[in-house]
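The sequence shown begins at 44 in the numbering used here and counts up one residue at a time.
These notes are about the structure you will find just below.
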Amino acid sequence: MHFVPPLALPPEPRSLQDLWNGLRFDHPVPRETVHKYVASEVLLTDSARLDEERFAVGAAWHRDHFLDDQRGRTSDPVLLAETARQAAIHLSHRFHEVPYGHHFVLSELSVELAAPLPAPGTAPLLLGLDTRCVRTDRHPRRTKLELAAEVHSPAGRAGRARVVWEVLEPRRYAVLRKRGAADACADPAPEPARAVPLSPSRVGQRQDRDVLISADPARPERWWLRLDLDHPVLFDHPSDHIPGMALIAAFRQVAVATAADRSRYVRSMETRFTSFGELDLPVSVTAERVGDVDGTGREVELLLRAEQGSHELASARVISATPCADRRLAGATC
Numbered sequence: 044m045h046f047v048p049p050l051a052l053p054p055e056p057r058s059l060q061d062l063w064n065g066l067r068f069d070h071p072v073p074r075e076t077v078h079k080y081v082a083s084e085v086l087l088t089d090s091a092r093l094d095e096e097r098f099a100v101g102a103a104w105h106r107d108h109f110l111d112d113q114r115g116r117t118s119d120p121v122l123l124a125e126t127a128r129q130a131a132i133h134l135s136h137r138f139h140e141v142p143y144g145h146h147f148v149l150s151e152l153s154v155e156l157a158a159p160l161p162a163p164g165t166a167p168l169l170l171g172l173d174t175r176c177v178r179t180d181r182h183p184r185r186t187k188l189e190l191a192a193e194v195h196s197p198a199g200r201a202g203r204a205r206v207v208w209e210v211l212e213p214r215r216y217a218v219l220r221k222r223g224a225a226d227a228c229a230d231p232a233p234e235p236a237r238a239v240p241l242s243p244s245r246v247g248q249r250q251d252r253d254v255l256i257s258a259d260p261a262r263p264e265r266w267w268l269r270l271d272l273d274h275p276v277l278f279d280h281p282s283d284h285i286p287g288m289a290l291i292a293a294f295r296q297v298a299v300a301t302a303a304d305r306s307r308y309v310r311s312m313e314t315r316f317t318s319f320g321e322l323d324l325p326v327s328v329t330a331e332r333v334g335d336v337d338g339t340g341r342e343v344e345l346l347l348r349a350e351q352g353s354h355e356l357a358s359a360r361v362i363s364a365t366p367c368a369d370r371r372l373a374g375a376t377c
């Protein structure tokens with residue numbers, strides 16, 4: 044899998060105060076600026092331009108969000124991925140003059156936690172994103188943009204995020220969707236009749252409706268995507284295709300389900316999107332263990348692929364770690 048060299052991250056701020064000054068955290072940004080219908084699903088709280096390409100973005104993570112790992116020990120990079128996705132949309136509309144009604148198509152979304160963040164408690168976990176957001180291509184009917192962000196919590200640097208996306212005017216988007224749907228329907232792959240939904244605890248969730256994968260009894264390295272089109276988070280607003288965040292969340296659940304050590308947490312995800320996924324056709328997810336990152340087995344890299352028939356929808360490199368891999372989480376058993 045090949046990834047485009049990333050946009051350079053913003054330079055280190057003179058102090059964290061440079062990032063936090065002027066940002067508000069007491070109210071979400073308007074929901075239409077992040078393409079959400081329900082205000083409670085808006086993670087961003089504010090944004091400000093620092094220079095031509097650099098922006099400060101505030102975010103607040105609240106307790107028990109579906110996209111977070113519900114095992115309660117740490118926050119999860121999937122929630123950071125959604126934060127970065129919302130930041131990309133918000134900055135496009137507010138500062139890059141992208142019209143409402145245009146379609147945002149994800150190409151890449153990568154996140155990495157520098158250290159496990161504490162899970163949100165009774166008070167939200169506040170984050171500041173020091174962000175570069177630039178246009179990489181201009182075309183009369185489409186715009187390509189890229190975002191690279193250093194993520195900070197009040198305690199210090201928390202991680203990084205990168206998003207690459209394309210904005211399409213409605214007519215061009217409709218042409219692409221019609222072509223993609225025809226290709227997918229010509230080559231469907233049936234889901235096995237005995238696919239077995241996993242328990243919520245097996246994938247780091249608490250409710251059955253939040254379980255996004257079923258096990259394939261014939262192939263232990265393969266799962267099948269389960270989508271509830273009425274899910275209040277993944278389908279907060281209507282979509283004519285499988286949302287990118289549904290695939291990212293499913294990848295995380297596969298990584299959790301395959302871990303022999305139940306204390307493992309996902310440290311980073313590097314996801315590339317290649318095709319639209321149709322809502323009414325089965326999607327398989329396969330996992331391949333690439334190897335140990337550090338040679339000790341404490342950090343393991345997986346290669347995940349989501350496919351619909353013969354078409355790859357997305358692929359991801361995921362690194363999961365044991366608490367022993369981070370001294371801040373290590374206990375007496377490490």
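Glycine included, C-beta positions come from ideal geometry on N, C-alpha and C.
None of these values were measured; they are calculated from a predicted model.
Based on the DSSP output, what are the partners of Ser196 in its beta bridges?
For Ser196, the beta-bridge partners assigned by DSSP are Gly199.
Report the residue ranges of all alpha helix (DSSP H) runs contained in full by the region 264-343; include only those spanning at least 4 residues, in chain order.
Whole alpha helix (DSSP H) segments, 4+ residues: 287-301.
Start and end residues, alpha helix (DSSP H) containing Glu125:
From DSSP, the alpha helix (DSSP H) with Glu125 extends over 120-138.
When you compare the CB positions of Arg249 and His274, do they come within less than 9 angstroms of one another, or not?
The Cβ atoms of Arg249 and His274 lie no closer than 9 angstroms to each other.
Apart from the five residues just before and just after Glu355, which ones in its own chain have a Cβ nearer than 8 angstroms to its Cβ?
The beta carbon of Glu355 is closer than 8 angstroms to those of Thr317, Ser318, Arg348, Ala349 in its chain, skipping five residues each way along the sequence.
With a CB to CB cut of under 6 angstroms and the five nearest residues on each side skipped, what residues in its chain are close to Val141?
Cβ within range, chain order: Ser135, Val210.
What number of angstroms, rounded off, separates the C-alpha of Ala258 from the C-alpha of Leu346?
Rounded to the nearest angstrom, the two C-alpha atoms are 17 angstroms apart.
Can you tell me whether Thr174 is buried or exposed, with buried defined as 16 or more other CB within 10 angstroms of its CB?
Counting C-beta atoms within 10 angstroms of its own C-beta, Thr174 has 16 or more neighbours from the protein chains shown and is therefore classed as buried.
Cross-strand partners of Leu345 (DSSP beta bridge):
The beta-bridge partner set that DSSP reports for Leu345 consists of Arg332, Val361.
For the region 145-159 against the region 83-100, are there 3 or more C-beta pairs whose distance is under 8 angstroms?
Taking 8 angstroms as the limit for Cβ pairs, the verdict is that the region 83-100 does not touch the region 145-159.
Per-residue DSSP class, three states only, for Trp63
In the structure shown, Trp63 sits in a helix (DSSP, three-state: H, G or I).
Could you tell me if Thr126 is buried or exposed, where buried requires 16 or more neighbouring beta carbons within 10 angstroms of its beta carbon?
Label assigned to Thr126: buried.
Pro120 beta carbon less than 9 angstroms from that of Val336:
If you check the CB distance, Val336 and Pro120 do not come in under 9 angstroms.
Cβ of Glu212 within 9 angstroms of Cβ of His146?
Between Glu212 and His146, the CB-CB gap stays under 9 angstroms.
Taking Ser153 and Met312 to be in contact with their CB atoms under 8 angstroms, please state how far apart those CB atoms are, rounded to whole angstroms.
Right, the Cβ-Cβ distance comes to about 7 angstroms (below 8 angstroms), so this counts as a contact.
Secondary structure at Arg262, three-state DSSP: helix, strand or coil?
Here Arg262 carries a coil assignment [DSSP, helix/strand/coil].
Below 6 angstroms CB to CB, which residues in the same chain sit around Phe278 once its five sequence neighbours on both sides are set aside?
Closer than 6 angstroms at the Cβ level, and outside the excluded window around Phe278, lie Leu272.
Could you compute how far the alpha carbon of Lys79 sits from the alpha carbon of Glu342?
Approximately 35 angstroms, taken between the alpha carbons.
CA-to-CA distance, Leu190 to Leu149, given in whole angstroms:
Distance from the CA of Leu149 to the CA of Leu190, rounded to the nearest whole angstrom, comes to 12 angstroms.
Out of Glu331, Ser363, Ala130, state which residue places its alpha-carbon closest to the alpha-carbon of Arg295.
Of the candidates Glu331, Ser363, Ala130, the one whose C-alpha sits nearest the C-alpha of Arg295 is Ser363.
What three-state label does DSSP hand Pro240 in the structure shown?
In this structure, Pro240 counts as strand in the three-state DSSP scheme.
State whether the region 321-333 contacts the region 260-269, with contact taken as three or more CB pairs (one from each stretch) at a distance under 8 angstroms.
In short, these stretches touch, since the Cβ pair count reaches three.
On a CA-only basis, which of Thr88, Val77, Ala103 is nearest Gln129? Give me that one, please.
Nearest to Gln129 by C-alpha distance, out of Thr88, Val77, Ala103, is Val77.
Suppose the cutoff is 7 angstroms on Cβ atoms and the five residues either side in sequence are ignored; what does the same chain contact list for Ser65 look like?
For clarity, residue 65 is Gly in the given sequence; the question names Ser instead. Closer than 7 angstroms at Cβ, skipping near neighbours: Ala91.
Length of the line joining the Cα atoms of Gln351 and Arg137
For the pair Gln351 and Arg137, the Cα-to-Cα distance works out to about 35 angstroms.
C-beta atoms of Gly171 and Ala224 nearer than 9 angstroms:
In this structure, the beta-carbon distance from Gly171 to Ala224 does not fall below 9 angstroms.
Consult DSSP for His105 and reduce its assignment to one of helix, strand or coil.
The answer is coil: DSSP assigns His105 none of H, G, I, E or B.
Residue range of the unbroken beta strand (DSSP E) whose run includes Phe68:
Where Phe68 is concerned, there is no enclosing beta strand (DSSP E), given that its DSSP letter is neither H nor E.
For Ala357, count the other beta carbons within 10 Å of its own beta carbon; 16 or more makes it buried, fewer makes it exposed. Which is it?
So Ala357 counts as buried.
If we ignore side chains and look at the alpha-carbon of each, how far apart do Ala201 and Leu122 end up?
Rounded to whole angstroms, Ala201 to Leu122 spans 13 angstroms at the Cα level.
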